Amino acid sequence: TSKNLVRTSFECTRDLSANDCSKCLQSAIGDIPSCCYASIGARVWSRSCYLRYEFYPFYLGEIESTSSSTNQGGKNKSSKIWMITAIAVGVVLVIIIIIFYLCFIRNWQRKNGQGNISNNFPFIDIGSLCVATKNFSDSNKLGQGGFGPVYKGILSDGMEVAIKRLSTCSEQGSEEFINEVMLILKLQHKNLVKLLGFCVDGEEKLLVYEYLPNGSLDVVLFEESAHLDWTKRVDIINGIARGVLYLHEDSRLQIIHRDLKASNILLDCDMNPKISDFGMARIFAGSEGEANTTTIVGTYGYMAPEYAMEGLYSIKSDVFGFGVLLLEIITGKRNAGFCYSKSTSSLLAYAWHLWNNGKGLELRDPLLLSCPEDQFLTYMNIGLLCVQEDAYDRPTMSSVVLMLMNESVMLCQPEKPPFSVGRLNVIDPNVLDLEEYSVNLLTISDILPV
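If you read the sequence shown in the UniProt record's numbering, its first letter stands for residue 1, the second for the next number, and so on.
And the structure:
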């Protein structure tokens, strides 16, 4: 009823802003309990505002004296106030919804390994990649990497790409995936594979690279070696060396690849080499010289002994892997599974034996018999320097590039390489049986001291 209504009136001086007026009235309302608790009405004055409330219509006379047009104007004004209030409330609600949505998206990206990547280069949706690869058809499969298969794809704009699909049962999880993406984002060099985009969709994680039509070096070298003459092999060795040097010294970060091997070297249409697969790579900060890990990852045959046995890795670990690659390229033979005789259980041991006996030219790939002998021996010398057993004795990649590019540089005599990593071998250095053995491609998982 009208008797239960509370009538209020409040005013502010004209010098106050709307915000200051509101604060003044709130202060006046806060004073009511202390001054007028038992009253049925009250009047509160302050320096800049006035507040009154009553249970009777103390401004009734004013209302009754107003004309009908004034009443209508009051209704219109009241309607405008309600409309403004409704709009303001709606805007606030929309802002709150947007904030919650952005927080949800950020949390989802973190959980799905997307993080801050998508702001740096294109995110490609899974549907486009399915279409590009004919739903990851076996006919589009280029090969099998350490963390999953690689497919050839054609995007909607006609661009050919290579798509690395991370296996859901692979050891490379979100951390390694993000590591590979963030690393490659920071790398720009003609001898490093170019990353074009990525995709994260639930358990699916994919990387989209430039397509390199000549595939990986291991296929061309060990299965189609007739395509590689000496000049081309020299160009490939020098290109790989420049790429590794960039990782170690010329990029913004010092990066240890940790998995240099023939299958991770891709060849473009002109047979220029590009280093790929940075899932194992690690960043070195500042003056950090080496690091230690309890999880040994990589490929036996290319792993430095201190890394395979003790988990120690440094830039010299990559130098060792490069040295193995160099010797494989000039011989056309794999180090892994190589067994020429009872006393030479690896390509490194065989190369060392020939070098020590002044028979280095016998290491040549039979397809390279017409190559310059002095240059071949120089490259063999550099390869053996890179695979010396003591990491301290190995050259840095800057020294390696200098030796490769400058024939006038005097080369040191190499020390003994590790004859075996990952298995126990008893070798009689006085016996050289030239009886050939079959190649053993068995993967050895137990690491035993030499």
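Glycine included, C-beta positions come from ideal geometry on N, C-alpha and C. Computed from a prediction, not measured in an experiment: that's the story for all the values here.
Open item on the list: With three or more C-beta pairs closer than 8 angstroms as the rule, is the segment 313 to 322 touching the segment 348 to 358?
Closed with: no
- [ ] Return the CA-CA distance between Leu129 and Ile184, expressed in angstroms with no decimal places.
- [x] Taking the sequence shown and counting its residues from 1, the one referred to as residue 129 is at position 129. Taking the sequence shown and counting its residues from 1, the one referred to as residue 184 is at position 184. So the alpha carbons of these two residues sit roughly 20 angstroms apart.
Task: 7 angstroms CB neighbourhood of Asn116 in its chain, flanking five on each side removed - done: In the sequence shown, counting from the first residue as 1, residue 116 sits at position 116. Summary for Asn116: the model assigns pLDDT 47, below 50, so the residue's position carries little reliability; its value from the coordinates is reported in the next sentence. If we look at Asn116 and ignore the five residues flanking it on each side, it has no Cβ neighbours.
Task: Anticipated Cβ contact below 8 angstroms, Val44 with Ala28, distance rounded - done: In the sequence shown, the residue the question calls residue 44 occupies position 44. In the sequence shown, the residue the question calls residue 28 occupies position 28. With 8 angstroms as the limit, Val44 and Ala28 qualify as a contact, their Cβ atoms being about 4 angstroms apart.
Open item on the list: Checking 9 angstroms against the spacing of the C-beta atoms, do Ile255 and Phe278 come in under that value?
Closed with: Numbered from 1 along the sequence shown, position 255 holds the residue referred to as residue 255. Numbered from 1 along the sequence shown, position 278 holds the residue referred to as residue 278. Yes, the Cβ-Cβ distance between Ile255 and Phe278 is below 9 angstroms.
Open item on the list: If I follow the unbroken alpha helix (DSSP H) through Ala349, where does it start and stop?
Closed with: Looking up residue 349 in the sequence shown gives position 349. Run containing Ala349: 347 to 356, per the alpha helix (DSSP H) assignment.
Task: Alpha-carbon to alpha-carbon, Ser22 and Val89 - done: Position 89 of the sequence shown, counted from the start, is the residue given in the question as residue 89. Position 22 of the sequence shown, counted from the start, is the residue given in the question as residue 22. So the two alpha carbons sit approximately 18 angstroms from each other.
Open item on the list: Here's the rule I'm using: 16 or more other beta-carbon atoms within 10 Å means buried, otherwise exposed. How should Val421 be labelled?
Closed with: Locating residue 421 in the sequence shown gives position 421, counting from the first residue. Residue confidence for Val421 is low, a pLDDT of 49 falling below 50, so the modelled location carries little weight; the figure read from the coordinates is stated next. Result: buried.
- [ ] Can you check the segment 362 to 411 for any beta strand (DSSP E) of at least 3 residues that lies completely inside it and give the ranges in chain order?
- [x] none
TODO: Would you kindly report the start and end of the unbroken alpha helix (DSSP H) that includes Ser317?
DONE: The sequence position of residue 317 within the sequence shown is 317, counting from 1. Looking at the DSSP string, the run of the alpha helix (DSSP H) that includes Ser317 is 315 to 331.
Task: Cα-Cα separation between Arg252 and Lys186, rounded to whole angstroms - done: As a working note, residue 252 is residue 252 in the sequence shown. As a working note, residue 186 is residue 186 in the sequence shown. The alpha-carbon atoms of Arg252 and Lys186 are separated by roughly 8 angstroms.
Task: C-beta atoms of Cys371 and Phe322 nearer than 9 angstroms - done: The residue labelled residue 371 in the question sits at position 371 within the sequence shown. The residue labelled residue 322 in the question sits at position 322 within the sequence shown. For Cys371 and Phe322, no; Cβs fall outside 9 angstroms.
Open item on the list: Bridge partners for Pro149 per DSSP, in chain order?
Closed with: Residue 149 sits at position 149 when you count from the first residue of the sequence shown. For Pro149, which the question treats as bridged, DSSP gives the partners Gln144.
Task: Where Lys23 falls: helix, strand or coil (DSSP) - done: Position 23 of the sequence shown, counted from the first residue, corresponds to residue 23. Residue state, collapsed to three classes: helix.
Task: Proximity of Lys190 and Glu210 at Cβ, strictly below 9 angstroms - done: Taking the first residue of the sequence shown as position 1, residue 190 is located at position 190. Taking the first residue of the sequence shown as position 1, residue 210 is located at position 210. It is not a contact, given that the beta carbons lie outside the stated cut-off.
- [ ] Could you tell me how far apart the beta carbons of Asp229 and Ala262 are, in whole angstroms, since I believe they sit closer than 8 angstroms?
- [x] Start at 1 with the first residue of the sequence shown, and residue 229 comes out as number 229. Start at 1 with the first residue of the sequence shown, and residue 262 comes out as number 262. Not a contact, Cβ separation roughly 18 angstroms.
Open item on the list: Once DSSP output is grouped into helix, strand and coil, what is the label at Glu249?
Closed with: Looking up residue 249 in the sequence shown gives position 249. Correct three-state label for Glu249: helix.
Open item on the list: Alpha carbons only, please: which of Cys412, Gly358, Phe104 is nearest the one belonging to Ile382?
Closed with: Numbered from its first residue, the sequence shown carries residue 382 at position 382. Ranking the options by Cα distance to Ile382, first place goes to Cys412.
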